[in-house]
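Protein chains: 2
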Amino acid sequence: MKGKDEFAFEQPCPIRDILDRIGDQWSLLVLDALDGRTRRFNELLRDIGDISKQMLSKTLKRLEQDGFVRRTLYAQVPLRVEYALTDLGRSFLGPLQGLVCWADAHHKAIVLARRRYANGGDALADAVL
Amino acid sequence: MKGKDEFAFEQPCPIRDILDRIGDQWSLLVLDALDGRTRRFNELLRDIGDISKQMLSKTLKRLEQDGFVRRTLYAQVPLRVEYALTDLGRSFLGPLQGLVCWADAHHKAIVLARRRYANGGDALADAVL
DNA sequence: GTATTGTGGTCTTAAACGTGGACCATGTCC
DNA sequence: GGACATGGTCCACGTTTAAGACCACAATAC
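In order, the protein sequence lines correspond to chains A and B. Quick note: the first sequence uses numbering that gives the first Met the number 0, first residue 0, plus one each step. Quick note: the second sequence uses numbering that gives the first Met the number 0, first residue 0, plus one each step.
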């Protein structure tokens with residue numbers, strides 16, 4: 000609720016605006032975990048594994064705020080909250096899948112590039128003199 | 000060069016691995032800025048606008064390390080460095096464009112959802128009792 | 001009866017991260 | 001001589017994040 004959120008409504012560039020929200024390391028993961036099935040808070044916590052409660056809470060709140068996720072509270076005895084994708088959220092899975100596929104296909108190339116870089120791959124970087 | 004980078008090589012899940020790298024608010028923006036044309040450091044700085052030198056430097060370094068970007072140093076008088084996409088980087092633009100299109104198409108819906116949420120849209124959230 | 005577990009979160013504290021600005025060496029312009 | 005431009009790095013500071021304690025409640029275990 001600091002400055003950033005105040006002006007967020009007037010972001011002129013859509014991709015910037017959206018990246019500011021979902022380009023935060025966890026949102027895509029949460030969206031992916033929610034693909035197809037409804038999940039509860041602690042289920043997500045376990046599914047994702049290395050996200051903290053706080054970050055999951057915050058991430059879900061933002062996704063809900065932006066209309067990607069619907070939060071449903073059941074006033075049962077142990078208290079129960081379910082998270083599910085909205086239509087908007089589901090429609091986002093398309094582009095997201097594109098990314099996931101690309102990641103699968105090119106992961107090896109990246110690991111390779113990384114290793115080459117680590118072994119003084121700068122041979123190329125400093126070349127043109 | 001702390002712990003994180005040490006273990007990065009053995010990330011079992013490709014999408015996780017890649018998200019850790021390019022899901023950092025700036026990488027996609029830089030990649031997008033590099034689409035089609037070669038750019039110099041300060042050009043990128045100006046194009047993107049609100050990125051700090053440090054983050055641009057760090058982001059470019061990581062993109063280079065992962066093989067998305069090629070850095071070319073010309074030993075001219077005022078010193079000149081050019082950044083360009085590699086084949087790998089270019090191949091990534093496909094899925095990225097998918098995201099950008101989606102962002103353009105659904106931006107309005109998101110702003111709307113956000114506004115609804117701000118105006119006590121919780122009517123739905125607390126409903127099921 | 002008392003301790004433990006599980007529910008969905010929030011709060012605290014400390015560490016990690018990002019930012020703006022100063023700074024560097026070099027060369028040109030005014 | 002002073003300002004600007006080049007490509008960055010470094011520092012101090014403020015924000016963000018993470019791990020874990022904590023809460024209230026109910027069921028289950030002992």
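We treat Cβ as the ideally placed atom computed from N, Cα and C, and that holds for glycine.
Beta-carbon proximity list for residue i, same chain, < 8 Å, skipping 5 on both sides
i, result
"TYR73/A", "ARG79, VAL80, GLU81"
"LEU44/B", "ILE50, LYS52, LEU55"
Extent of the continuous alpha helix (DSSP H) run through residue i
i, result
"ALA32/B", "26-32"
"SER56/A", "52-64"
"ASP16/A", "13-21"
Nearest neighbour of residue i, chosen from the options [CA to CA]
i, options, result
"ALA32/A", "GLU63/A, ALA83/A, ALA108/A", "ALA83/A"
"VAL99/A", "LEU44/A, ASP34/A, ARG38/A, ASN41/A", "ASP34/A"
"ARG20/B", "LEU59/B, ASP103/B, GLU42/B, GLY48/B", "LEU59/B"
"VAL68/B", "GLY48/B, LYS52/B, ASN41/B, THR85/B", "THR85/B"
"GLY48/A", "ASP65/A, TRP25/A, LEU62/A, ALA102/A", "TRP25/A"
"ARG15/B", "LEU111/A, ARG114/A, HIS106/A", "HIS106/A"
"ALA102/A", "ASP65/B, ASN41/B, ASP46/B, GLU42/B", "ASP65/B"
"ILE109/B", "ILE109/A, ARG61/A, ASP23/A", "ARG61/A"
Interface partners of residue i on chain B, CB under 8 Å
i, result
"ASP103/A", "PRO13, ILE14"
"PRO94/A", "PRO94, GLY97, LEU98, CYS100, TRP101"
Chain A residues whose Cβ lies nearer than 7 Å to that of residue i
i, result
"PHE91/B", "TRP101"
"ALA108/B", "GLY66, LEU87"
Span of the beta strand (DSSP E) around residue i
i, result
"LEU78/A", "Looking at the DSSP string, LEU78/A is not in any beta strand (DSSP E), and its letter there is neither H nor E."
Per DSSP, the bridge partner or partners of residue i
i, result
"ARG39/A", "GLU81/A"
"ARG89/B", "Answer by DSSP bridge pairing: none, since ARG89/B is not bridged."
"TYR73/A", "ARG79/A"
Residues near residue i in its chain [Cβ-Cβ closer than 6 Å; skip 5 each side]
i, result
"VAL29/A", "THR58"
"ARG129/B", "Absent from the model: residue 129/B. The displayed extent of chain B is 0 to 128, so no value can be given."
Contacts around residue i, its chain only, beta-carbon distance under 7 Å, and the 5 residues preceding and following it disregarded
i, result
"ILE17/B", "none"
Partners in chain A for residue i, counting only beta-carbon separations shorter than 8 Å
i, result
"GLN24/B", "LEU18, ASP19, GLY22, ASP23"
Partner residues on chain A for residue i, Cβ-Cβ distance less than 9 Å
i, result
"ARG36/B", "Those within 9 Å of ARG36/B in chain A number zero; the least Cβ separation is about 18 Å."
Under 9 Å from the C-beta of residue i: neighbouring residues of chain B
i, result
"TYR116/A", "GLU63, GLN64, ASP65, GLY66"
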